[in-house]
Each structure stands twice: as structure tokens, then as C-alpha cells.
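Enquirer: The working numbering applies: residue 378 is where the sequence shown begins, and numbers increase by one.
Structure provided below as C-alpha cells; questions to follow.
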Amino acid sequence: MFWRRALSVVVLAPLVLLIIYWGDWLYVLVVLVAMSMMQVEYCRLAQHFTEKLNPVMPALLTGAFCLLAYFLPTLTRSLPVSSVSAVTFSFFTFVFIYVFAESIFRAKVDGELIRVTLKLTGILTIGWVLGYHLILLRNAEPVGRNLIFLLIGTVWCSDTGAYLVGVAFGKHKLGTPVSPRKTVEGTIGGLLIGTLIGFLLGMLLLKDTLSWGNAAFIGLFLSALGQLGDLSASLMKRTAGVKDSGDVIPGHGGFIDRCDSLIFTTPALYYYWELTKYLV
């Protein structure tokens, strides 16, 4: 398993870094594909709790969230802030109307509220919480590219560090039934490694805008939220009775398995960065 994971990293990591560096439409396209694949995997997991969910419309709405984020800077330049907010929240409203309207006209009523909840959760979590903010963060010029490098590097190094430390030194179980193999040692190791990597990347990539303490804090909260995202995805997989969300990436599972640690960290880093611009 370890060597399959390592080989996938060696092959995919340079490609991911190149796409982030290039940015613009290529980055948006890759995010669109990744979010759509996550939506397909999510709908497959959701069928363990309700009848089969068709992933087509959720994937399209997820893609629309990503495109909305991509065109947001253009809207901001040409429209007042209130109008931009109206565009964003009107799309939220449309998503809710669509999901409920689609359920109202279905023949079955039993279990429909569960189906609505699952569909909304998938669209908003993957489309807005993750996809929308991945685009916004990359577009946070002039440092968007470096912010994505900081995010990916910190979170994935923390994840890898937790895995390696847990395998080598893990003796005390974390105590959560969601992921019974996780250990206290692995969790602490992941936090420490993630904090260190976040600090180093922050000082390297954003040395003109980050203080030492700020860089270390970003590394710590990205590591902690990354592990929380991983456990949150594990909650659904464990409840559904599956180990991985898919088998697309050798040694890593599916797109949800690989991107779950970005779900909370991406919006957290974006809003932290936006807020601290005005506080420092």
C-alpha cells in the first residue's frame, strides 16, 4: 500500500503543482473535473442511506459554483458589492428551490426529506465550501498561487506525516469509531509536521506579508482542520460501510479520499487571509 501511495504521489504531484502554477482556465477546468468526480462518488455513497441519486444535476450545480467564483472578480469590477452579493445569494436560492421542487414532483414521499438533505449537503459541501473557495483562493492576486501552494503543501504533508508517524510509533488509539486505526501519536505527529511545513512554506512563499507567528498559526490550523475534514469524510464512509470513496487513484482511493482534508481548510485559509489583510 505504501509504495502504491508513494508512486501515485511521484507521478501526480508534479502535475498538480504545474496546474496550480499555470492557473487560469486550466486550473479551473481541473477543479471542475475533480469536483464533478467527487459529486459522483458522493452520490454513490449517499445511496446507502436513500434510493439512488442521479449525480448529473448535482455535478452541474457544483460546476456552476466553481464558474461563479471564477467570474466573481469580473463582476466585482463592473457591479457594486451589493449586486455581487445578490448574484451569489440568488444562486444559493436557486439551488434550494431546485432541490425541493425536484422532490415535490417525485412519485414517492417516504424518505424524501433524507434524500433532499443528502443532495443539498453534497452540492453545498463540494460545490460551495470546497470548489467555490478553491477558485477564489487561486484568484486572490497577487498571492493566490502561493496561497494554494501553502494550502496543498501543508495539508498533504500533515496527512502524510500523520500516516507515517502512526505506522511507525502509533500505540494509543485516538478513540473515535469513525476511524478506529488512527492513533494519538499519528494525530500529534501530523499536527507538528503540518505546522512546521506551513511555517516554512509561509516564510518562503509569503515572506513579505506573513509574520513568523502568523505563518506558524496558519500551519497549525490548516493541519487541525485538515484532520477534521478527513474524519468527517470517514464518518460518511464508515456509516455507508465502505473503506474508500472510489479507486481512481492507486493507493489513495477516490477523489473524496484525496481531497477530504481540503474541505474545511480551503475556505478557512481564504477568509483568514481576507480578514487579516484589513487587521494588520
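Think of the CB as a built atom: it goes at the ideal place given N, C-alpha and C, for glycine as much as any other residue.
How many angstroms separate the CA atom of LEU430 from the CA atom of LEU605?
Expert: Counting from one through the sequence shown, the residue named residue 430 turns up at place 53. Counting from one through the sequence shown, the residue named residue 605 turns up at place 228. Cα to Cα, the separation comes out at about 26 Å.
Enquirer: Where CYS420 and ILE503 are concerned, what is the direct C-alpha to C-alpha distance, given to the nearest angstrom?
Expert: In the sequence shown, residue 420 corresponds to position 43, counting from 1. In the sequence shown, residue 503 corresponds to position 126, counting from 1. So the two alpha carbons sit approximately 11 Å from each other.
Enquirer: Over the uninterrupted alpha helix (DSSP H) stretch that includes GLY590, give me the two end residues.
Expert: As a first step, residue 590 is located in the sequence shown; it is residue number 213 there, counting from the start. Where GLY590 is concerned, the enclosing alpha helix (DSSP H) stretches over 589-617.
Enquirer: Going by beta-carbon coordinates alone, are GLY571 and SER600 separated by less than 8 Å?
Expert: Residue 571 sits at position 194 when you count from the first residue of the sequence shown. Residue 600 sits at position 223 when you count from the first residue of the sequence shown. Against a cut-off of 8 Å, the Cβ pair of SER600 and GLY571 comes out as a contact.
Enquirer: How should GLN424 be labelled, buried or exposed, when 16 other C-beta atoms within 10 angstroms of its C-beta is the threshold for buried?
Expert: Within the sequence shown, residue 424 is the residue found at index 47, counting from 1. The residue in question, GLN424, is exposed, as its Cβ has fewer than 16 Cβ neighbours within 10 Å.
Enquirer: Using a Cβ distance threshold of 8 Å, determine whether the segment 429-445 contacts the segment 507-526, with at least three qualifying pairs required.
Expert: Yes, since at least three Cβ pairs between the segment 429-445 and the segment 507-526 fall closer than 8 Å, the two stretches touch.
Enquirer: Would PHE598 be called buried (16 or more neighbouring beta carbons within 10 Å of its own) or exposed?
Expert: Translated into the one-based positions of the sequence shown, residue 598 becomes position 221. Buried, because 16 or more other Cβ atoms sit within 10 Å of the Cβ of PHE598.
Enquirer: Hey, is the segment 565-582 in contact with the segment 531-549, meaning 3+ C-beta pairs nearer than 8 Å?
Expert: The segment 565-582 vs the segment 531-549: in contact.
Enquirer: Would you mind sorting GLY552 into buried or exposed? The rule is 16 or more other CB atoms within 10 Å of its CB.
Expert: Numbered from its first residue, the sequence shown carries residue 552 at position 175. With fewer than 16 Cβ atoms within 10 Å of its Cβ, GLY552 is classed as exposed.
Enquirer: From the DSSP secondary-structure annotation, give me the bridge partner or partners of THR439.
Expert: Locating residue 439 in the sequence shown gives position 62, where the first residue counts as 1. DSSP lists no partner for THR439.
Enquirer: Output yes or no for whether 8 Å exceeds the beta carbon distance between LYS496 and PRO435.
Expert: Taking the first residue of the sequence shown as 1, we reach residue 496 at position 119. Taking the first residue of the sequence shown as 1, we reach residue 435 at position 58. It is a contact, given that the beta carbons lie within the stated cut-off.
Enquirer: Between the segment 472-483 and the segment 399-409, do at least 3 Cβ pairs fall closer than 8 Å?
Expert: No, they do not touch.
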